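Here's the structure, in structure tokens; my notes come after.
In the working numbering, the protein residues as written are 35 to 101.
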């Protein structure tokens, strides 16, 4: 069962490979670590259907607190 009371996981993307697929994977793993598997899948699907890199980043920021 997903814990909806968990805050957004903190994710540091500075210094990481900026490939959008890598960034999605980092955010997805962070969500899974805090027990939000459904949100990880939802975020990934939304990012994969995004129309641009910037749109994908905006979606990731809805789910994770990004440094």
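Where is the CB? At the ideal position from N, CA and C, for every residue including glycine.
These numbers come from a predicted model, not from an experiment.
For residue 68, the closest alpha carbon among the candidates 46, 78, 42 is that of 42. In the displayed model, residue 44 falls within a strand according to three-state DSSP. For residue 90, the enclosing alpha helix (DSSP H) starts and ends at 87 to 97.
Residues 101 of the same chain have their beta carbon placed closer than 7 Å to that of residue 48, with the five preceding and five following residues left out of the count. Annotation for residue 64: 43, 45, 98 place their beta carbon closer than 6 Å to its own, counting only its chain and skipping 5 residues before and after.
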